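Asker:
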Amino acid sequence: MPARPSALVVACSDGRLQEATDAFLAREFKITRYDRFYVPGGGGALASTGTDPVRAQQMCAECKYLVDLHAVRRVILLFHGPSADGRIEAACADYRRKLPWANLAELRASQESDAVDLIKRRREWASESGVLLFRCEVNAAGNLTFVNLDPDATLGTDRPMRVTRS
Ligand SMILES: [Zn+2]
């Protein structure tokens, strides 16, 4: 196809989530073709949590470079991890590397504060494009839910907004 897709997905390299991610994007946003920025941690790779701020700065620069180069109009930033009642085994390996002391609740809170921080300074990594942030949450039974982590998302439901199940 000659035309570039106008969407960029930033997600963790973790291949366990690929099919669920594709299904979510197709169902919720009718996105079936998209540019990819897949790195360990997904959205977390752009956040300054942890001991590696230089990596986060480089990732933000790479992401912005791609947004500008490909004239991306919409960036979908994904995190992943256990739901509040999920298992620690479902945690993002990159977050566990960055925060080895953290329990499940602390890992989740860290991703949520990273999301807030990334929204605030989105021009640094997404230029002028629109930004959506979700966390793919895995519950104890292994079911996935994509939860909106944008604190300003107002679609009439309590936050975090549960947008879909599979
Ligand atoms: Zn991960």
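Going by our numbering, the first residue of the sequence shown is number 39, and it counts up by one from there.
All residues carry an ideal CB built from backbone N, CA and C; glycine is no exception.
Note that this is a predicted model, so its numbers are computed, not measured.
Hey, how far is the Cα of Phe67 from the Cα of Asp73?
Answerer: Cα-Cα distance, rounded: 15 Å.
Asker: Would you please state the rounded distance, in angstroms, between the beta carbons of Gly82 and Asp132? I believe it to be under 8 Å.
Answerer: Contact flag correct, Cβ pair sits at about 6 Å.
Asker: Does ligand 1 have even one heavy atom less than 7 Å from the beta-carbon of Cys174?
Answerer: No; taking the cut-off as 7 Å, the Cβ of Cys174 has no heavy atom of ligand 1 nearer than that.
Asker: What residue range is occupied by the uninterrupted alpha helix (DSSP H) comprising Arg111?
Answerer: First-last for Arg111: undefined, no H or E at that position.
Asker: Indicate, with yes or no, if ligand 1 has a heavy atom lying under 7 Å from the CB of Pro78.
Answerer: Yes, Cβ of Pro78 sits closer than 7 Å to a heavy atom of ligand 1.
Asker: Between the Cα of Lys136 and the Cα atoms of Lys158, Ser148, Tyr103, Ala128, which residue gives the shortest distance?
Answerer: If we check each option's Cα against that of Lys136, Ser148 comes out closest.
Asker: With a threshold of 7 Å (Cβ to nearest heavy atom), would Cys98 be considered close to ligand 1?
Answerer: Result no, Cβ not under 7 Å from ligand 1.
Asker: Provide the residue span of the beta strand (DSSP E) that contains Leu171, from first to last.
Answerer: 168–176 is the span of the beta strand (DSSP E), which, as asked, contains Leu171.
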